[in-house]
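S.K.: Protein sequences appear in the order of chains A and B. Using UniProt numbering, the letters of the first sequence correspond one by one to residues 1 to 363. Using UniProt numbering, the letters of the second sequence correspond one by one to residues 1 to 281. No residue lacks a Cβ here, since even glycine has one placed at the ideal position from N, Cα and C. Pasting a structure here, questions to come.
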Amino acid sequence: MSVKSASGNPLSILKRHLRAACAATALLLGAGSLAEAADLNALIWCDHSDPALLQPFEEANNVKVNVKEFEGTGAGLAIVEQSQPGDWDVMVIDSIDVPRGVEKGLFEPLPEDKLPFADLFPQVKMDGSTVVGGKRYGITEKFGYNTIGFNKTKVDPADMQSLASLTSDKYKGKVAIYDYYLPVIGMAALAIGKKTSELTEADLPALKEELLKMKANAKLVGEVTASQTALATGEVDILVGGGEWVTAGLAKENPALDFSIPKEGAVLWSQSLAMFKDSKNKDLALKFIQYIMSPEGQARLATSSCYWGMPANTKAALTDDQKKVLRFDEQPGFLARAQAYPAPNADLDKKMQDMWTEMLQAK
Amino acid sequence: MSSTGNGGRALPWALVTPALGWTLLFFVLPFIAMGFSSLTAHEGGGFTLTNYSQFFTNPSYWQAMVNSLEVTAIVTLVSVLLAYPFAWILAEQVPERWQRLALMLAVLPFWTSYVVRSYSWLLVLAQNGVINRALTGSGLITEPLQLANTRLATVTGFVHFFVMLLTLTIFANLKQLSPSYRKAAADLGAGPVRTFLHVVLPLTLPGIMVGAFLTFVLCIGDYITPQILGGNNELLMPQLVMMQIGRRGDFPLASALSIILMAVVTVAYLACARWLKIERA
Numbered sequence: 001m002s003v004k005s006a007s008g009n010p011l012s013i014l015k016r017h018l019r020a021a022c023a024a025t026a027l028l029l030g031a032g033s034l035a036e037a038a039d040l041n042a043l044i045w046c047d048h049s050d051p052a053l054l055q056p057f058e059e060a061n062n063v064k065v066n067v068k069e070f071e072g073t074g075a076g077l078a079i080v081e082q083s084q085p086g087d088w089d090v091m092v093i094d095s096i097d098v099p100r101g102v103e104k105g106l107f108e109p110l111p112e113d114k115l116p117f118a119d120l121f122p123q124v125k126m127d128g129s130t131v132v133g134g135k136r137y138g139i140t141e142k143f144g145y146n147t148i149g150f151n152k153t154k155v156d157p158a159d160m161q162s163l164a165s166l167t168s169d170k171y172k173g174k175v176a177i178y179d180y181y182l183p184v185i186g187m188a189a190l191a192i193g194k195k196t197s198e199l200t201e202a203d204l205p206a207l208k209e210e211l212l213k214m215k216a217n218a219k220l221v222g223e224v225t226a227s228q229t230a231l232a233t234g235e236v237d238i239l240v241g242g243g244e245w246v247t248a249g250l251a252k253e254n255p256a257l258d259f260s261i262p263k264e265g266a267v268l269w270s271q272s273l274a275m276f277k278d279s280k281n282k283d284l285a286l287k288f289i290q291y292i293m294s295p296e297g298q299a300r301l302a303t304s305s306c307y308w309g310m311p312a313n314t315k316a317a318l319t320d321d322q323k324k325v326l327r328f329d330e331q332p333g334f335l336a337r338a339q340a341y342p343a344p345n346a347d348l349d350k351k352m353q354d355m356w357t358e359m360l361q362a363k
Numbered sequence: 001m002s003s004t005g006n007g008g009r010a011l012p013w014a015l016v017t018p019a020l021g022w023t024l025l026f027f028v029l030p031f032i033a034m035g036f037s038s039l040t041a042h043e044g045g046g047f048t049l050t051n052y053s054q055f056f057t058n059p060s061y062w063q064a065m066v067n068s069l070e071v072t073a074i075v076t077l078v079s080v081l082l083a084y085p086f087a088w089i090l091a092e093q094v095p096e097r098w099q100r101l102a103l104m105l106a107v108l109p110f111w112t113s114y115v116v117r118s119y120s121w122l123l124v125l126a127q128n129g130v131i132n133r134a135l136t137g138s139g140l141i142t143e144p145l146q147l148a149n150t151r152l153a154t155v156t157g158f159v160h161f162f163v164m165l166l167t168l169t170i171f172a173n174l175k176q177l178s179p180s181y182r183k184a185a186a187d188l189g190a191g192p193v194r195t196f197l198h199v200v201l202p203l204t205l206p207g208i209m210v211g212a213f214l215t216f217v218l219c220i221g222d223y224i225t226p227q228i229l230g231g232n233n234e235l236l237m238p239q240l241v242m243m244q245i246g247r248r249g250d251f252p253l254a255s256a257l258s259i260i261l262m263a264v265v266t267v268a269y270l271a272c273a274r275w276l277k278i279e280r281a
């Protein structure tokens, strides 16, 4: 929609040409030899770059998977916009952002009969986001919770069953906040008794107050590595917004790390796989998605060296130890208390990000 | 005669063309693209000044610039104060045969990845880090100090890197200084302190200013060190720029903020150049 409306604007035309001129360089630097038709070009998050995940697919199909990592849907969509149609075959994207890609006309509907939808945890299919206009454009491959990660030897695990503990004086200076505004705003919403799916502009003052209380208790606000490091090194004892993706990967080195789904709930994160409409290798792209969604692919993806997370497929071929770390058996209870990421429109999204900026600047 | 004249005029252009081409391709064109981007609306395109007005009307954005300038000023000042004596010792006190080794040691920090170095400082400054363990272990303090995830940590990380950069520029300036100036000052009755204040320091100011400007530019545009060591407890401009790109992909606003940052750097350069009267050189 936005692409169409901008098409006649001279500034937009110039911008597109400049972007196109930069695209070749970016692709050469980022994705390697894209020229070979047999290759599969995947725009991914870091968990998909694990050789343990990719090699079995490459060997079985005698193909090379070229990957380019990105962080954040905006950055990913910008890469696509700067590429030529057909440069990319598949993309990993936040499930709530699938409609953004569909709106831009990027994605191909997925053949539901050729993918194991029946094996997925029902709550993570995210039909509200992955189905647009009656067609499914994304399949959830991995999920988890933005919740409370903690060191159970340093805090009272009973306290971690309530979001109120995050703003309690008892843990002042012992808290880190994960630096991504949407899930933490979602947690703030849960703390004040709001549903993440019903947030409006009118809720922003109350959310801001809650965020400022969290900030007052926090030692740092860090991205994935920084917040994980802070928890692992004992710099903090609690991570707001951190879940199994923080503690599971460190479980062997530090079994004291754990996560809870408090009584107020947690925010469900979910990532999907989508296929590009202009892909030149749609059969191969579908094979890749089928592989990732297979029990073996799901187990490898869930335990990727970059970060662990729950596989969407209930039949994932995880070992008992891996299931224990991921707390596989407790998922029905967790999912019952989880709410989806807030999915604001562009205007509210901007206001939420500005509120987050204000929180970061607060002393 | 005339062909020689033409050749004489063409040669300098031929020599300078690769540099001009490089600047055009990797600075001017991207800058123009960024300028156009900063004047378009994020949703739907179209000309707008909203991206710039946001900076001046949103106190959080403005605060990010204030934070950046404060941190950069502190880092530059501390780096100069540390680098000058270091460069002076290197140039004046270390024997010539050891200077090469000393210089190599001075540039060693440049061989280490920026990210690794910042994380190393995090481990040094953390609650369970080297400093806090030493202080608590020796009984000097009972509770660990909050060193990491502070402005102090950001400044420390920056100074570690830039003090060596400044040392090299000041060292080069000191080595170029003819000993006859100091001899002349001594002949005229000036003591070491007076010679330093009235002869050596003024003559090495260009080296200090060039190093300080480089420090300013690199520091104000750096994203990694404040992100890792500052703990996001205050936002600097590069972090604010990155925030616009991550999820929302708001390149127009990110471009506007980058251009504002660049304008500040340009003002700093003009101030430097005017002060040193570089244009007359």
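In this structure, what does DSSP give as the bridge partners for A:Val240?
M.R.: A:Ile148, A:Ile177.
S.K.: Decide if B:Lys183 is buried, meaning its Cβ has at least 16 other Cβ atoms within 10 Å, or exposed.
M.R.: The residue is exposed, with fewer than 16 neighbouring Cβ atoms inside 10 Å.
S.K.: Grab me the residues of B:Val107's own chain with a C-beta within less than 8 Å of its C-beta, minus the 5 sequence neighbours each way, in chain order.
M.R.: Counting only Cβ-Cβ distances below 8 Å, and skipping sequence neighbours, we find Met164, Leu168.
S.K.: Does the segment 99 to 117 of chain B come within contact of the segment 256 to 271 of chain B, defined as at least 3 CB pairs closer than 8 Å?
M.R.: No, the segment 99 to 117 of chain B does not touch the segment 256 to 271 of chain B.
S.K.: Below 8 Å CB to CB, which residues in the same chain sit around B:Leu177 once its five sequence neighbours on both sides are set aside?
M.R.: Hits under 8 Å: Val200, Leu203, Thr204.
S.K.: Grouping DSSP H, G and I as helix and E and B as strand, with all else coil, what is A:Ser129?
M.R.: Helix at A:Ser129.
S.K.: To the nearest angstrom, report how far apart B:Thr266 and A:Asn62 are at their CA atoms.
M.R.: Using only the alpha carbons, I get a separation of about 53 Å.
S.K.: Considering B:Met262, what are the terminal residues of the alpha helix (DSSP H) in which it resides?
M.R.: First-last of the alpha helix (DSSP H) with B:Met262: 251 to 276.
S.K.: To the nearest angstrom, report how far apart B:Lys175 and B:Val80 are at their CA atoms.
M.R.: Going by the C-alpha atoms only, they are around 17 Å apart.
S.K.: How should A:Pro99 be labelled, buried or exposed, when 16 other C-beta atoms within 10 angstroms of its C-beta is the threshold for buried?
M.R.: Burial call: buried.
S.K.: Less than 8 Å between the CB atoms is what I'm expecting for A:Val246 and A:Leu231, so what's the real figure, rounded?
M.R.: A:Val246 to A:Leu231, Cβ: 6 Å. Contact.
S.K.: Should A:Asp329 be flagged as near chain B, meaning a C-beta pair shorter than 7 Å?
M.R.: No, no contact with chain B.
S.K.: Note down the Cα distance separating A:Ala218 from A:Gly133, rounded to an integer number of angstroms.
M.R.: So the two alpha carbons sit approximately 43 Å from each other.
S.K.: Is B:Met104 buried or exposed, if buried means 16 or more other CB atoms sit within 10 Å of its CB?
M.R.: With fewer than 16 Cβ atoms within 10 Å of its Cβ, B:Met104 is classed as exposed.
S.K.: Put A:Asn66 into one of helix, strand or coil per three-state DSSP.
M.R.: Looking at A:Asn66 - three-state DSSP - the assignment turns out to be strand.
S.K.: Hey, does A:Asp179 have any beta-carbon neighbour from chain B nearer than 7 Å?
M.R.: True, the Cβ-Cβ gap to chain B drops below 7 Å.
S.K.: Are the segment 234 to 246 of chain B and the segment 18 to 38 of chain B touching by the rule of at least three beta carbon pairs closer than 8 Å?
M.R.: At 8 Å Cβ cutoff, the stretches do not touch.
S.K.: What residues are listed by DSSP as bridge partners for A:Phe276?
M.R.: DSSP, once it has assigned bridges, lists A:Phe107 as partnering A:Phe276.
S.K.: Examine chain A for any beta-carbon lying closer than 7 Å to the beta-carbon of B:Leu235, and answer yes or no.
M.R.: It does: the Cβ of B:Leu235 has a partner Cβ on chain A nearer than 7 Å.
S.K.: Please determine, among A:Glu58, A:Ala38, A:Lys68, A:Tyr137, the residue with the shortest C-alpha to C-alpha distance to A:Leu273.
M.R.: Checking every option, the nearest Cα to that of A:Leu273 belongs to A:Tyr137.
S.K.: The alpha helix (DSSP H) that contains residue 364 of chain A, what's its start and end?
M.R.: This structure cannot speak to residue 364 of chain A, because chain A is shown only from 1 to 363.
S.K.: Between B:Thr225, B:Phe251, B:Asp250, which has its C-alpha nearest B:Ser118's C-alpha?
M.R.: Among B:Thr225, B:Phe251, B:Asp250, the Cα nearest to that of B:Ser118 belongs to B:Thr225.
S.K.: On the criterion of 16 or more Cβ atoms from any shown chain inside 10 Å, does B:Glu234 qualify as buried, or is it exposed?
M.R.: It is buried - the Cβ of B:Glu234 has at least 16 other Cβ atoms within 10 Å.
S.K.: Relative to chain A, which residues along the segment 132 to 157 of chain B have a C-beta separation below 8 Å, given in chain order?
M.R.: Cβ contacts with chain A: Gln146, Ala148, Asn149.
S.K.: Could you name the residues of chain B that A:Glu358 contacts, counting a contact when the two beta carbons are closer than 7 Å?
M.R.: Result: Ser60.
S.K.: What distance in whole Å lies between the Cβ atoms of A:Asp97 and A:Thr130, which are believed to be in contact at a cut-off of 8 Å?
M.R.: The pair is not a contact, with the Cβ atoms about 10 Å apart (cut-off 8 Å).
S.K.: Against chain B, which members of the segment 213 to 242 of chain A pass a CB distance test of less than 9 Å?
M.R.: Those residues of the segment 213 to 242 of chain A that come within reach of chain B (Cβ to Cβ, closer than 9 Å) are Lys215, Ala218, Lys219, Leu220, Val221, Gly222, Glu223, Thr225, Ala226, Thr229, Ala230, Thr233, Gly234, Glu235, Val236.
S.K.: Between B:Glu92 and chain A, is the shortest Cβ-Cβ distance under 7 Å, so that the two count as touching?
M.R.: No, its Cβ sits nowhere closer than 7 Å to a Cβ of chain A.
S.K.: Quick check: what's the CA-CA separation for A:Val267 versus A:Ile148?
M.R.: Approximately 10 Å, taken between the alpha carbons.
S.K.: Shortest alpha-carbon distance to A:Ile139 belongs to which of A:Val155, A:Leu348, A:Phe107?
M.R.: When each option's Cα is compared against that of A:Ile139, the closest is A:Phe107.
S.K.: Based on Cα-Cα distance, which residue from B:Phe161, B:Pro144, B:Leu140, B:Asp187 lies nearest to B:Gly129?
M.R.: For the residues B:Phe161, B:Pro144, B:Leu140, B:Asp187, the minimum Cα distance to B:Gly129 belongs to B:Pro144.
S.K.: Using the three-state DSSP reduction, which class does A:Leu28 fall into: helix, strand or coil?
M.R.: Residue placement at A:Leu28 cannot be trusted, given a pLDDT of 43 that sits under 50; what the coordinates show is reported in the next sentence. Three-state result, A:Leu28: helix.
S.K.: Exposed or buried, which one is A:Ser311 when buried takes at least 16 other CB atoms within 10 Å?
M.R.: Reading off the sequence shown, one finds Pro at residue 311 of chain A, where the question assumed Ser. Buried.
S.K.: When we look at the beta-carbon of B:Tyr181 and count the other beta-carbons within 10 Å, is it buried (16 or more) or exposed?
M.R.: Its Cβ having fewer than 16 others within 10 Å, B:Tyr181 is exposed.
S.K.: Taking only the alpha-carbon atoms, compute the straight-line gap between A:Ala37 and A:Lys280 and give it to the nearest angstrom.
M.R.: Because A:Ala37 carries a pLDDT of 46, less than 50, the predicted location of this residue cannot be relied on, and the following value inherits that uncertainty. Whole-angstrom Cα-Cα distance: 8 Å.
S.K.: Within a Cβ cutoff of 8 Å, which residues of the same chain sit near B:Phe56, ignoring the five residues on either side of it in sequence?
M.R.: Excluding positions up to five away in sequence, the list reads Trp62.
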